[in-house]
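Chemist: Let me begin by handing over the structure; questions about it come next.
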Amino acid sequence: MKTKIFVSAILLTGLLTACEKDTPVVNSAPVETAPAETNVAAPAVAETPSRFDIYAEVGLTTDLSQLSDNQRQMISLLIDAAKITDDIFWQQVWGDKDELLDSIDDPKMKRFALYNYGPWDRLAADQPFVESYGPRPPGARFYPEDMTKAEFEAWQQDGKDEQYSIVKRDAAGDLMLVPYRKAFESQINEIAELLIQASALAEDVEFAAYLKLRAEALKTDNYQASDMAWMDMKNNPVELVIGPIENYQDALYGYRSAFETFVLIKDQAWSERLARFAKYMPELQRGLPVDEPYKAEMPGSDADLNAYDLAYCAGDCNSGSKTIAINLPNDEQVQLAKGTRRLQIKNSMLAKFNQILMPIATELIAEDQRQHITFDAFFGNTMFHEVAHGLGIKTTLDGAGTVRQALKEHASALEEGKADILGLYMVQKLRENGEISEGEIMDNYVTFLAGIFRSIRFGASSAHGRANMIRFNYFSDAGAFTRDPDTGTYRVNVAEFEQAIKNLGNDILVLQGNGDYDAVAAFVAEKGNVGTQLQADLDRLTAINIPVDIVYQQGKEQLGL
């Protein structure tokens, strides 16, 4: 199925003047136990065959006709590099892929293991679905399976909390650090060589320079120079995000980064329309609904917004729920110096809107508010979610380090929750200032509410899923929405909804700025759970076979390469 769709004239004219809603965005307090063995016999989770069908297949295609022969050859090389990052990701989260797949006879179960990069259901709190496998180790393969938190925290080792290394045991059984450049040396050398070859075919000088710098970064575990170069690119029609990027897979500490690749094709016309919003970042930072110390850091104004079609993805971004927008780099120093880039993935977004969000709205949103569920709002909310990652605070007020380091495994869920809330805050402010004039603010609010139900289904193992659980419970307690017991549908209460946006935004920014791990753990434990009524409503979505997410049929053949 072709997912490259050119949106209506209403969207083209309205989106930039009226960006409206969405975001994609975890666990309760950590328990001090040793990670379970992965390959130890354990009772299999009772899985119905329908569980293996929770993903809707989407053909990942885009129009490459505007690209030259050299650019098309370059894309082919980038896909080859992506496939190697996929192999590295398997090693980071599971181990030998073939050993697992060869042990599964049921074709549906085998396909599900491919989608999940292992025998654990990523959208069902990482429950095992293959007989004989126990719980997923929270530290994946980044740490020894027999390592406890107490042992790690007592370990006197510089750099033990850095992103680009694996913790292993040496011959004496002691903990040791192995940098990625050594742990995955052969694969990284292959990727670097492919990037150098691709740079020779690149027709944009800045993109060619970035590819060379990224190749060097992979071989040295030093990514800052290539991140800076990536931020300086403005005109390249082909985009590449590659390397160890996000920390979601490390549920033990949130330190280690997992490998992934996005190969993207820029929609130049849409990107030009979106670009104008970046200049408002300093003004929006100053107006955040929080005390001055929590908004003292000023984001760079060199950020930009761009729209893309996804041509290929591999590794972390291809596992479990699929990303529909990207906000990078994650390096706090680069963010302060250059800002961030926000990449909106149109073809993925449109597939999720049509196949998932609209059916959810029909089932769970009050009938008289359903006209406010729009793709414009879905696109706009997602866009401003990504922009909002650049707002707020990156370093704790006590100067001890970054928010990410202080909040450990809770950092990602809190950051996703912040981006969701401050994205809506941005929509409110830009409407007040006349920068967004088309559509209605209710489009953003109601589409946002429907989006909460969509993302909660990603489960507690997803930072986005946890963030949405927290927000649902917070908004429910604040009366931001009500549920009609007769129809089982939800409606937005505008005044309470707007107050909840302000209050939750303040609470999250204060938690991040204070860097108080215990306070955040308590907040997540209190708000990050699915109640009985919500679970019953989510079960209704499963009963009528609404997909939880999408998976890609992708590759060179799909693209006509």
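In terms of this note's numbering, the sequence shown opens at residue 633 and continues consecutively.
Using N, Cα and C, we set each Cβ at its ideal position, and we do this for glycine too.
At which residue ranges does the stretch 768-848 contain complete alpha helix (DSSP H) runs of 4 or more residues, listed in the order of the chain?
Modeler: As far as the stretch 768-848 is concerned, its whole alpha helix (DSSP H) runs of at least 4 residues are 781-786, 812-815, 817-833.
Chemist: So I632 and E995 are in contact, right, with Cβ under 8 Å, and what is the actual spacing, rounded?
Modeler: Residue 632 lies beyond the range of the chain shown here (633 to 1193); nothing can be said about it.
Chemist: Using C-beta distances below 7 Å, list every residue in its chain close to A834, excluding the 5 sequence neighbours before and after it, in chain order.
Modeler: These residues qualify, in order along the chain: M706, A840, L843.
Chemist: Alpha carbons only, please: which of E1070, Y775, I958, P769 is nearest the one belonging to A815?
Modeler: Cα-wise, what sits closest to A815 is Y775.
Chemist: Tell me whether R918 sits in a helix, a strand or coil according to DSSP, three-state version.
Modeler: Helix, per DSSP.
Chemist: Would you tell me roughly how many angstroms separate the C-alpha atoms of T1034 and H1096, rounded to the nearest one?
Modeler: Distance between the alpha carbons of T1034 and H1096 is about 21 Å.
Chemist: Apart from the five residues on each side of it in sequence, which residues of its chain come closer than 7 Å, Cβ to Cβ, to V1152?
Modeler: For V1152, where only same-chain residues beyond five positions count, the Cβ hits under 7 Å are L1039, H1042, L1046, L1143.
Chemist: Rounded to whole angstroms, what's the CA-CA distance from P675 to V762? Just pull it up for me.
Modeler: Low confidence applies here, because P675 scores a pLDDT of 38, under 50, leaving its location unreliable; read the following figure in that light. In a straight line, the C-alpha of P675 is about 9 Å away from that of V762.
Chemist: Within 10 angstroms of the Cβ of S700, are there 16 or more other Cβ atoms? Answer buried if so, exposed if not.
Modeler: Exposed: under 16 other Cβ atoms inside 10 Å.
Chemist: Tell me whether Y880 sits in a helix, a strand or coil according to DSSP, three-state version.
Modeler: Three-state DSSP puts Y880 in coil, outside helix and strand.
Chemist: Do you know how far the Cα of G1083 is from the Cα of L1166?
Modeler: Each residue's alpha carbon lies about 14 Å from the other.
Chemist: With C-beta atoms as the reference, is L942 less than 7 Å away from I992?
Modeler: No, Cβ-Cβ distance for L942 and I992 is not below 7 Å.
Chemist: Can you say whether G1187 is buried or exposed, counting buried as having 16 or more other CB atoms within 10 angstroms of its CB?
Modeler: By the 10 Å Cβ count, G1187 comes out exposed.
Chemist: Helix, strand or coil for T717? Go by DSSP, reduced to three states.
Modeler: Here T717 sits in helix by DSSP.
Chemist: On the criterion of 16 or more Cβ atoms from any shown chain inside 10 Å, does P1117 qualify as buried, or is it exposed?
Modeler: Looking at its Cβ environment, which holds fewer than 16 other Cβ atoms inside 10 Å, P1117 is exposed.
Chemist: Of all the options G750, S903, I1133, which has the alpha carbon lying nearest to the alpha carbon of S764?
Modeler: When only C-alpha atoms are compared, the closest one is G750.
Chemist: Looking at the structure shown, is S660 part of a helix, part of a strand, or coil, going by DSSP?
Modeler: With a pLDDT of only 29 at S660, under the threshold of 50, the placement of this residue in the model should not be trusted; the figure read from the coordinates follows. Three-state result, S660: coil.
Chemist: Taking the Cβ atom as the reference point for each residue, do I958 and L975 lie within a distance shorter than 7 Å?
Modeler: A contact, by the Cβ cut-off of 7 Å.
Chemist: Whole angstroms is fine: what's the gap from K1159's alpha carbon to Y1057's?
Modeler: For K1159 and Y1057, the distance between alpha carbons rounds to 21 Å.
Chemist: Using DSSP's beta-bridge definition, name the partner residues of F891.
Modeler: P876.
Chemist: Contact between the stretch 1102-1111 and the stretch 1020-1031 is defined here as three or more beta-carbon pairs at a separation below 8 Å; is this criterion met?
Modeler: With the cut-off at 8 Å, the stretch 1102-1111 and the stretch 1020-1031 do not touch.
Chemist: In whole angstroms, give me the CA-to-CA distance for P1179 and F985.
Modeler: So the two alpha carbons sit approximately 11 Å from each other.
Chemist: What are the start and end residues of each continuous beta strand (DSSP E) run of 3 or more residues lying completely inside the stretch 924-1012, in chain order?
Modeler: If we require 3 residues or more, the beta strand (DSSP E) runs fully inside the stretch 924-1012 come out as 936-947, 957-960, 973-977.
Chemist: Here's the rule: buried if 16 or more other CB atoms are within 10 angstroms of the residue's CB, otherwise exposed. What is R1036?
Modeler: Label assigned to R1036: buried.
Chemist: If contact is defined by three or more beta carbon pairs under 8 Å, each pair taking one atom from either stretch, is the stretch 874-888 in contact with the stretch 900-919?
Modeler: With the cut-off at 8 Å, the stretch 900-919 and the stretch 874-888 do not touch.
Chemist: Go through its chain and collect everything with a Cβ distance to G1111's Cβ below 7 Å, but skip five positions before and after it.
Modeler: These residues qualify, in order along the chain: N1125, E1128.
Chemist: Nearest CA to the CA of F894: which residue from T693, I874, R888?
Modeler: Nearest of T693, I874, R888 to F894, Cα basis: I874.
Chemist: Go through its chain and collect everything with a Cβ distance to T852's Cβ below 8 Å, but skip five positions before and after it.
Modeler: The answer, listed in chain order, is R813.
Chemist: Using alpha carbons as the reference points, say which of R1089, Y1077, A1132 lies closest to R1123.
Modeler: The option with the nearest alpha carbon to R1123 is Y1077.
Chemist: Taking 7 Å as the threshold (beta carbon to beta carbon), is H1042 in contact with chain D?
Modeler: In the structure shown, chain D cannot be found, because there is only a single protein chain.
Chemist: What does DSSP give as the partner residue(s) for K898 in the beta ladder?
Modeler: For K898, which the question treats as bridged, DSSP gives the partners Y940.
Chemist: Thinking just about the alpha-carbon of each residue, which of F721, I720, R683, L746 is nearest to the one in L732?
Modeler: Answer by Cα proximity: L746.
Chemist: Nearest to L968 by CA position, among A907, D859, E1067, E1072, is which residue?
Modeler: It is D859 whose Cα lies nearest to the Cα of L968.
Chemist: Report all residues from its chain with a CB closer than 8 Å to the CB of A907; omit the five preceding and five following residues, and keep chain order.
Modeler: Closer than 8 Å at the Cβ level, and outside the excluded window around A907, lie D936, L937, N938.
Chemist: CB-CB under 6 Å to N768, same chain, minus the five flanking residues each way: which ones, in chain order?
Modeler: Inspection of the sequence shows that residue 768 is occupied by Arg rather than by Asn. Closer than 6 Å at Cβ, skipping near neighbours: W752, D758.
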